[in-house]
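Residue numbers (this note's numbering): 4 to 156.
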């Protein structure tokens, strides 16, 4: 009697086809979960940073962490180091967080200070010194309506 020593070519092709079909079904599911996880992380980071901006404002007599004409590094320095009541280097207040979080949609941790609309995708975040508004600065437009999805967050 002859021993059976493995799979035939037809059996291998059937297995490969079944694996391909299963992968086509499963992979899109992981993609939507990844997007949902990034949106959740973005919302969490925005809420935490906005709370810390309000705490900074309270500690510094209604001053914001960056004023008109200042830059993202000014904002980050004031939020990640100890400051005095005027926002200069000191020991009274802060740090409000240890490092600037990375925007999960464009992997940038920089801040753009100015009143131009969010969505430039040149920085991770956007801070408006006139209003105190803090937003994600990515340009993800999943529904293709011309408006970055995270502008309203």
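For every residue, glycine included, the Cβ atom is placed at its ideal position computed from N, Cα and C.
Small disclaimer: the values here were computed from a predicted structure and weren't measured.
Per the DSSP secondary-structure output, residue 86 pairs in a beta bridge with 92, 96. By the C-beta density criterion, residue 10 is exposed, having fewer than 16 other C-beta atoms within 10 angstroms. Using a Cβ distance threshold of 7 Å, residue 113 and residue 90 do not count as a contacting pair.
When DSSP reads this structure, residue 114 sits in a beta bridge with 128. Selection 61, 95, 53, 122 evaluated against residue 141 yields 122 as nearest (Cα-Cα).
Taken atom to atom, the span from the alpha-carbon of residue 99 to that of residue 84 is near 8 Å. Below 8 Å, enough C-beta pairs join the segment 63-77 and the segment 127-139 to call them touching: three or more. With at least 16 other beta carbons inside 10 angstroms of its own, residue 116 counts as buried. Where residue 10 is concerned, there is no enclosing beta strand (DSSP E), because DSSP gives it neither an H nor an E.
Checking the DSSP bridge columns, you'll see residue 139 partnered with 128.
Residue state for residue 42 is assigned as helix, using DSSP reduced to three classes.
With a beta-carbon spacing of about 7 Å, residue 139 and residue 49 fall inside the 8 Å limit used to define contacts.
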